[in-house]
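Novice: Dropping a structure here in structure tokens format, bear with me for questions.
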Amino acid sequence: MAYQIQNPDYALSPETGMTRQHWIDAGKHLLDGVFQHIPNRDAPIKLPKQSDVIYPKADDPAWRFKSEEFEGLSRTFLLAAPLINAVPDIECSGTRLADYYAHQLLLATDKNSERYLWTISELLEEYGPGWYQHTVEGAALAIGLMNCREQIWDKYTQEQKDQIAAFISDYAHSKTLSHNWRYFTVLMLTFLKVNGYACDETLLQDHLQHIMALYTGDGWYRDLGFDYYTPWGFHFYAPIWCRWYGNEHEPELAKVIEQRHAEFMKTYPLMFSREGHQIMYGRSIIYRCGASAALATAFMVDNTPADPGWMRRIASANLMQFVGRDDFYTDEGVPCLGYYGPWDPMVQFYSCAASPFWLAKAFTAALMLPEDSPFWTATENRGEWDEIGDGVKSVTLGGPGLTITADGKTGTSTVQMGKVKSSEGYNALPPYYSRLAFNSDFPWEDDNEEGAVPMQYCATELDYPEDRLLPYSVGFCGKRDGVVYRHLEVKAHHDVPGRFDLADIIVPGGILRVDRQRLSTRHEVSLAHYGLPHIGGEAGKVARSTVGGKDCIIASIPGRQVALVAIEGWDGVDCRFHEGHNAEADESTVVFAYRKRGKHYQGMPLLATLMLYKTDDTPFTDEELSVVKNLEVVPWMEGGQPKGAKVELADGRTLTVDYGHIEGNISY
């Protein structure tokens, strides 16, 4: 059952009605769903399994089952700890949280207990070298203990403290993965240090050095890809570390962390829609509103440019985007493995039933702030959205290779990724990284064998009709004269990779794509728009027309519409119904442009496509569909590059699309 706001305060929070107390209530609501499955304080938190994708599987080694228990304990504790600190006697489904977690932490770290979760050293001895999920969860224990220190940690005997510290120390002084996992070790080492236990200083400095070296600029860190691991990882853990230790003992490093966080906050809020909803993209998206953690940790550091009223407005709306929906919950009352409803294509192998509780980071960050923090006392506002009005604000960040667009006409936010490459050679990128754009109101669809993959080029070599050619890399090539350039590669048979040189031109309510296709063999290609879910089983309505002599196709469902105009290089437009690929419904409507060439070596076509969208039911007008006043294909550009374009837009802009600087500037 969805969380419902009781007694909203629209004076303080005119947009959402939510206050600090409502956050506490929402956290309790989530934990009520958990503790209805916990019969007594000796029972572990093992939530009902929801999917065959997740671990543990029946034939998994024993440590995977222990890891499942550990996630249940640590991730719910990350949520429970700030609630316990705020309301020491808080109960969920009849269980006093402080008593339960104090008891369970002792069982988990006691070698003589059935609930003992094992140290990394023991796992290595028993199962050999490898990476164990336990490391992640150990950091959550440390954060939780610090967040309800008076209610749990301070009440342990010295012997009990030593037992827990020895357990955490083994994790802290063991090997970890060289990405965001280093922060888990940093926080565990720092927990030991501030509580008077031994800490390997050289090890701590090594982790800090390697973490800081991952910085790319614009507030972003490289963590495999550029996704929510920067806000819910780096910009969550770093301010906490500064608060625990860095501000006092390593002020120079803390200052750098502060500056990087400030740089991040200049643009990150634009990745949330006008209504405060996040974009569905990147791995681990089942953590959902954990994405707003960095909006609160901004107020743990000094000199943040963040507007507290806007940050709370986003964070509260982002929270309600999920916990306020019935389909967020399983029939058992816990968060499902999906985005809104259950959906396997977005679930990773490293997840279990308790994994969604990583969203607790949003609660931890917000509720660590005192009641008199500006984050809680400022009046909610819409921030830059009021300035944007019906216009567009688009920023391109060279460090992470991202273009973030806040579109005032639709109230949506979009991110276009660069600098992403498959970790498995020529294998296709997962869909949560490969789409040409990700939008707050149009969640991505999964890949499908039929083609017409939403917001993606999908190619097929006619000599190998069974094999869809999907991207394995998207390179960032910079922004020049109002055009963002990227480079997309697909695996081709017996040839160099197929390529699409991408030129992105942001327009109100969408994007104009002017892309150069480089496929040598005979082929067919499609480019599809965002998929429209059949909410309640109602199919999208499709209409075809021409605009200025160009094929146009429009699809609509209540409250959402997409329009695609095939301006140059396409044979036609069409639509399909997809089944089992959409994150919001079992079926969806997809409109697309297509072309087919039956001979090899037919030159480099320029593919120009206008892709618009709406978040209301007002029909597209001819004026709205006539964004492009004129597009002239240039066979040879002055620098010797084949195919370019001169583009005149209805808003008065005149742009030149020249791919001459792409090959020398591709970065991943």
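First residue of the sequence shown: 15, per the working numbering; consecutive thereafter. Glycine included, every Cβ here is placed at the ideal spot set by N, Cα and C.
Val9 bridges to which residues according to DSSP?
Specialist: In the structure as shown, the chain begins at 15 and stops at 682. Residue 9 is therefore absent and cannot be evaluated.
Novice: Starting from Tyr446, trace the alpha helix (DSSP H) in both directions and tell me its first and last residue.
Specialist: Start at 1 with the first residue of the sequence shown, and residue 446 comes out as number 432. Element bounds for Tyr446: 445-448.
Novice: Evaluate the contact criterion for the region 510-528 versus the region 591-611: three or more CB pairs, one atom per stretch, below 8 Å.
Specialist: no
Novice: Can you list, in chain order, the residues of its chain with a C-beta nearer than 6 Å to that of Pro522? Leave out the 5 residues immediately preceding and following it.
Specialist: For the purposes of this step, residue 522 is identified with residue 508 of the sequence shown, where counting begins at 1. Taken in chain order, the residues that qualify are Val406, Lys423.
Novice: Just confirm the distance between the C-beta atoms of Leu238 and Leu218, as a whole number of angstroms; I'd bet it's less than 8 Å.
Specialist: Taking the sequence shown and counting its residues from 1, the one referred to as residue 238 is at position 224. Taking the sequence shown and counting its residues from 1, the one referred to as residue 218 is at position 204. The pair is not a contact, with the Cβ atoms about 23 Å apart (cut-off 8 Å).
Novice: Curious, which full-length alpha helix (DSSP H) runs of at least 4 residues does the region 266-318 contain?
Specialist: You should have 307-311.
Novice: In angstroms, rounded to a whole number, what distance separates the CA positions of Pro457 and Ser287?
Specialist: Here residue 457 is taken as the residue at index 443 of the sequence shown, counted from 1. Here residue 287 is taken as the residue at index 273 of the sequence shown, counted from 1. Rounded to the nearest angstrom, the gap between the Cα atoms of Pro457 and Ser287 is 13 Å.
Novice: If we ignore side chains and look at the alpha-carbon of each, how far apart do Val556 and Ala320 end up?
Specialist: Residue 556 sits at position 542 when you count from the first residue of the sequence shown. Residue 320 sits at position 306 when you count from the first residue of the sequence shown. Cα to Cα, Val556 sits roughly 42 Å from Ala320.
Novice: Run through the region 140-180 for me and flag every whole alpha helix (DSSP H) of 4 or more residues, listed as ranges in chain order.
Specialist: 148-161
Novice: Which residues in the same chain as Ser454 place their Cβ atom closer than 6 Å to its Cβ, once the five residues preceding and following it in sequence are excluded?
Specialist: Residue mapping note: residue 454 aligns to position 440 of the sequence shown, counting from 1. The answer, listed in chain order, is Ser287, His291, Ile293, Thr426, Ser427.
Novice: Considering only the beta carbon of each residue, do Thr281 and Val409 sit closer than 8 Å?
Specialist: In the sequence shown, the residue the question calls residue 281 occupies position 267. In the sequence shown, the residue the question calls residue 409 occupies position 395. A contact, by the Cβ cut-off of 8 Å.
Novice: Touch check for the region 433-450 and the region 238-258: three-plus C-beta pairs under 8 Å?
Specialist: yes
Novice: My output table needs one value for Arg513: the three-state DSSP class, helix, strand or coil.
Specialist: The sequence position of residue 513 within the sequence shown is 499, counting from 1. It is a strand residue.
Novice: Could you tell me if Asn21 is buried or exposed, where buried requires 16 or more neighbouring beta carbons within 10 angstroms of its beta carbon?
Specialist: Walking along the sequence shown from the start, residue 21 turns up at place 7. With fewer than 16 other Cβ atoms within 10 Å, it is exposed.
Novice: Mind reading off the beta-carbon distance from Leu669 to Ala577? Whole number of angstroms is fine, and I expect it under 8 Å.
Specialist: By one-based count along the sequence shown, residue 669 stands at place 655. By one-based count along the sequence shown, residue 577 stands at place 563. At roughly 21 Å, the Cβ-Cβ gap does not stay under 8 Å, so Leu669 and Ala577 are not in contact.
Novice: Measure the alpha-carbon distance for Ala76 versus Gln147 and round it to whole angstroms.
Specialist: Residue numbering aside, residue 76 sits at position 62 when the sequence shown is read from its first letter. Residue numbering aside, residue 147 sits at position 133 when the sequence shown is read from its first letter. Near 13 Å, if we compare the C-alpha coordinates of Gln147 and Ala76.
Novice: Could you tell me if Ala212 is buried or exposed, where buried requires 16 or more neighbouring beta carbons within 10 angstroms of its beta carbon?
Specialist: Counted from its first residue, the sequence shown places residue 212 at position 198. Exposed: under 16 other Cβ atoms inside 10 Å.
Novice: Comparing alpha-carbon positions, which option in Phe490, Gly545, Glu385, Pro388 lies nearest Asp461?
Specialist: Along the sequence shown, one-based indexing puts residue 461 at 447. Taking only the C-alpha atoms, the option nearest Asp461 is Gly545.
Novice: Measure the CB-CB distance between Asn157 and Leu201 and report whether it falls below 8 Å.
Specialist: Here the question's residue 157 lines up with position 143 in the sequence shown. Here the question's residue 201 lines up with position 187 in the sequence shown. Inspection of the sequence shows that residue 157 is occupied by Ile rather than by Asn. Against a cut-off of 8 Å, the Cβ pair of Leu201 and Ile157 comes out as a contact.
Novice: Among Thr123, Phe278, Asp184, Arg163, which one has its Cα closest to the Cα of Glu173?
Specialist: Your numbering for residue 173 matches position 159 in the sequence shown. Closest option to Glu173, Cα to Cα, is Thr123.
Novice: Among all the DSSP beta bridges, which residues are the ones paired with Met469?
Specialist: Here residue 469 refers to the residue found at position 455 when the sequence shown is read from its first residue. Looking at the DSSP output, Met469 shares a beta bridge with no other residue.
Novice: Please classify Arg302 as buried or exposed, where buried requires at least 16 other C-beta atoms within 10 Å of its C-beta.
Specialist: For the purposes of this step, residue 302 is taken as the residue at position 288 of the sequence shown. Counting the other CB atoms within 10 Å of its CB gives Arg302 a total of 16 or more, which places it among the buried residues.
Novice: Pick helix, strand or coil for Ala8, following the three-state DSSP scheme.
Specialist: Absent from the structure is residue 8, since the part of the chain shown begins at 15 and ends at 682.
Novice: So what does DSSP say about Cys256, is it helix, strand or coil?
Specialist: Numbered from its first residue, the sequence shown carries residue 256 at position 242. Looking at Cys256 - three-state DSSP - the assignment turns out to be helix.
Novice: Between the beta-carbon of Glu459 and the beta-carbon of Ser602, is there less than 8 Å?
Specialist: For the purposes of this step, residue 459 is taken as residue 445 along the sequence shown, with counting starting at 1. For the purposes of this step, residue 602 is taken as residue 588 along the sequence shown, with counting starting at 1. It is a contact, given that the beta carbons lie within the stated cut-off.
Novice: Note the first and the last residue of the continuous alpha helix (DSSP H) segment covering Ala100.
Specialist: Stepping through the sequence shown from its first residue, residue 100 is reached at position 86. Taken as a continuous stretch (DSSP letters only), the alpha helix (DSSP H) holding Ala100 covers 76-100.
Novice: Excluding the five sequence neighbours on either side, which residues of its own chain have a C-beta within less than 6 Å of the C-beta of His595, listed in chain order?
Specialist: Locating residue 595 in the sequence shown gives position 581, where the first residue counts as 1. The beta carbon of His595 sits closer than 6 Å to those of Glu459, Asp460, Asn462, all from its chain and outside the five residues before and after it, given in chain order.
Novice: Quick one: does Thr417 have its CB under 8 Å from some CB of chain B?
Specialist: Here there is only one protein chain, and chain B is not present.
Novice: Assuming Thr428 is part of the beta strand (DSSP E), what are its boundary residues?
Specialist: Here residue 428 refers to the residue found at position 414 when the sequence shown is read from its first residue. Note, Thr428: beta strand (DSSP E), 426-430.
Novice: Answer yes or no: do Leu351 and Ser330 have a C-beta to C-beta separation smaller than 8 Å?
Specialist: Looking up residue 351 in the sequence shown gives position 337. Looking up residue 330 in the sequence shown gives position 316. Not a contact, by the Cβ cut-off of 8 Å.
Novice: For the pair the region 618-637 and the region 575-592, tell me if three or more CB-CB distances fall below 8 Å.
Specialist: yes
Novice: Could you give the residue range of the beta strand (DSSP E) that holds Arg708?
Specialist: Residue 708 lies beyond the range of the chain shown here (15 to 682); nothing can be said about it.
Novice: Less than 8 Å between the C-beta atoms of Leu484 and Glu538, yes or no?
Specialist: Stepping through the sequence shown from its first residue, residue 484 is reached at position 470. Stepping through the sequence shown from its first residue, residue 538 is reached at position 524. Against a cut-off of 8 Å, the Cβ pair of Glu538 and Leu484 comes out as no contact.
Novice: Indicate the three-state DSSP secondary structure (helix, strand or coil) for Asp636 in the structure shown.
Specialist: Counting from 1 along the sequence shown, the entry for residue 636 is found at position 622. Secondary structure of Asp636 (DSSP, three-state): helix.
Novice: Within 10 angstroms of the Cβ of Ala40, are there 16 or more other Cβ atoms? Answer buried if so, exposed if not.
Specialist: Sequence index remark: in the sequence shown, residue 40 carries index 26 (1-based). Burial check for Ala40: the Cβ neighbour count within 10 Å reaches 16 or more, so the residue is buried.
Novice: In chain order, what are the residue ranges of uninterrupted alpha helix (DSSP H) at least 4 long that sit wholly in the region 336-394?
Specialist: 374-382, 388-391
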